[in-house]
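Mapping of the sequence shown onto our numbering: position 79 corresponds to residue 222, and the numbering continues sequentially without gaps. The C-beta atom is built at its ideal place from N, Cα and C for all residues, glycine as well. Only one structure is covered here, and it is reproduced in the block below.
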Amino acid sequence: MPSTPQQVAIDLDERSYQIVIGGGLLGDASTYAGLPKASTALVVSNTTVAPLYASALRTALAARYAQVHEVQLPDGEEHKNWQTLQKIFDTLLEQGCDRKTVLFALGGGVVGDMTGFAAASYMRGVPFVQVPTTLLAQVDSSVGGKTAINHPLGKNMIGAFYQPQLVVCDLDVLDTLPPRELSAGLAEVIKYGPIADMAFLDWLESHIDALMARDRAALAHAVRRSCEIKAWVVGQDERESGLRAILNFGHTFGHAIEAGMGYGAWLHGEGVGAGMVMAAELSCRLGLVDAAFVRRLRALIARAGLPVRGALLDAKDNAGRYLELMRVDKKAEGGEIRFVVIDGPGRAAVRCAPDALVRAVIDDCCAS
Ligand code: NAD
Ligand code: GLY
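Laid out in structure tokens, this is it:
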């Protein structure tokens with residue numbers, strides 16, 4: 144359904160770009176009018192999303208590019224690896240794509256992260272556009288230029304910072320998103336409240352049912368406010384030398400769950416949901432927030448259909464397995480794990496914590 148698109152700017156000097164948010168954007172040729180001139184475009188998607196939306200995107204792009212190629216990747220977090228990345232490079236080379244070729248990432252965060260990494264490295268860098276089709280990708284992964292693939296020993300370990308030219312958040316595509324994926328996206332929406340904006344947390348508490356019911360106005364507000372907060376953070380700390388780490392609230396525990404369970408078993412957003420409860424509990428035990436704050440966040444995460452207890456990763460030494468996995472986190476320094484904690488409502492900080500305290504949190508917060 145076409146509507147007047149909203150815009151959020153990512154302000155990064157010569158790497159600045161716009162996020163456009165609205166209905167009917169993906170298949171509208173005018174959405175892409177400001178992109179750099181080129182003769183070739185490559186749509187990178189996957190075997191689930193391409194049958195739904197690639198044809199509309201390719202038709203819109205045909206108005207601007209003489210040749211529009213397409214590659215479909217296998218679907219799933221377990222395919223976010225070198226082998227799948229190679230498929231993108233194979234297509235680029237087989238089709239004779241030059242260094243002006245524009246890549247279009249049509250899909251969720253997996254397609255977006257891999258397409259961005261391919262764009263960062265093909266011929267030492269070609270332009271790319273994010274066309275995120277999951278809620279999670281619209282509110283987080285398509286914005287800010289983090290691109291990566293996984294390594295069996297750690298998530299998103301191989302990658303680059305590389306900004307897109309444009310992010311196109313077409314709200315219509317959320318109609319076909321499976322309910323579990325909608326919930327996963329809400330995890331990344333919810334995180335923006337405790338780390339940066341308690342008024343947004345209040346709003347989420349009163350609109351979570353509308354969001355679960357895919358109310359268009361509620362989704363539009365959630366996507367826009369999330370993108371505004373992310374733009375504010377990334378604009379100050381593009382390469383995560385400090386502040387940007389707050390966007391990883393819940394992710395240290397969550398990534399451990401994802402890797403420990405085997406990529407794809409828990410969705411990224413599900414790991415973040417349970418991980419935020421664990422990180423809030425850690426914040427409470429460090430004396431930074433009270434127990435009522437943890438209960439409040441846990442209740443909202445549960446209402447979003449997300450797990451609020453961590454997975455059991457090892458029957459013998461569950462906490463030990465978490466600690467082992469969390470030491471590979473990118474925030475870790477010299478083997479010391481650094482956690483994003485809530486340093487008072489609406490404010491986040493990065494802290495170390497004694498292993499014994501972290502073990503107690505894991506023991507109390509995991510499914511037995
Ligand atoms: P995903 O890309 O796996 O997509 C979820 C599922 O939904 C897939 O099966 C996909 O094919 C399907 N799908 C996508 N759009 C659809 C639609 N409109 N209709 C029907 N089905 C659709 O998962 P995700 O949650 O979008 O992204 C998770 C990934 O993003 C993880 O790899 C995570 O590490 C990464 N991530 C990156 C950043 C970043 O800053 N770069 C931030 C957060 C997450
Ligand atoms: N999703 C975390 C970040 O972009 O920094």
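Distance check for residue 198 and residue 167, CA to CA, integer angstroms please.
14 Å
Let me check one thing: in DSSP terms, what residues is residue 509 bridge-paired to? 453
Are the CB atoms of residue 280 and residue 413 within a distance shorter than 9 Å? Going by C-beta atoms, residue 413 is not nearer than 9 Å to residue 280.
Measuring alpha carbon to alpha carbon, tell me which residue in 437, 217, 320 and 304 is nearest residue 92. For residue 92 there is no data in the structure shown, the boundaries of the chain being 144 and 511.
Check your understanding: In terms of residues, what are the limits of the beta strand (DSSP E) holding residue 160?
Key -> 160-165
- What's the C-alpha gap between residue 495 and residue 228? 35 Å
Exposed or buried, which one is residue 409 when buried takes at least 16 other CB atoms within 10 Å?
-> buried
Review point. Hey, would you say the C-beta of residue 287 is under 8 Å away from at least one heavy atom of the ligand GLY?
Key: Between the ligand GLY and residue 287, a heavy atom-to-CB distance of less than 8 Å is present.
* To do: Check the C-beta distance from residue 254 over to residue 189 and give it rounded, since I have them as a contact under 8 Å.
  => 6 Å
Handout entry: Bridge partner(s) assigned by DSSP for residue 310
Key = 162 and 273
### Message
Assuming residue 290 is part of the alpha helix (DSSP H), what are its boundary residues?
### Response
Taken as a continuous stretch (DSSP letters only), residue 290 belongs to no alpha helix (DSSP H), being part of the beta strand (DSSP E) at 289-294.
Notebook entry, point to check: For residue 284, is the beta carbon positioned less than 8 Å from some heavy atom of the ligand GLY?
Noted result: yes
* According to the neighbour-count rule (16 or more other Cβ atoms, all chains shown, within 10 Å of its Cβ), is residue 144 buried or exposed? -> With a pLDDT of 48 at residue 144, under the threshold of 50, the modelled position of that residue is not reliable, and the figure given next carries that caveat. Exposed: under 16 other Cβ atoms inside 10 Å.
Look up residue 216 in the DSSP assignment and say whether it is helix, strand or coil.
strand
So who's on the other strand from residue 210, going by DSSP bridges? For residue 210, which the question treats as bridged, DSSP gives the partners 183.
query = Skipping 5 residues on each side, what residues in its chain have a beta carbon closer than 6 Å to that of residue 339?
reply = 372
Can you give the Cα-Cα distance for residue 180 and residue 247, rounded to whole angstroms? 14 Å
task: Using the Cα positions of residue 201 and residue 186, report the straight-line distance between them to the nearest angstrom.
output: 7 Å
Exercise. Quick one, are the C-beta atoms of residue 464 and residue 399 less than 9 Å apart?
Worked result: yes
According to DSSP, simplified to helix, strand and coil, what is residue 493? strand
Nearest to residue 451 (by Cα), restricted to the options 420, 469, 478 and 475:
Residue 451 has its Cα closest to that of 420, out of 420, 469, 478 and 475.
| field | Nearest neighbour of residue 245, chosen from 484, 263 and 402 [CA to CA] | value | 263
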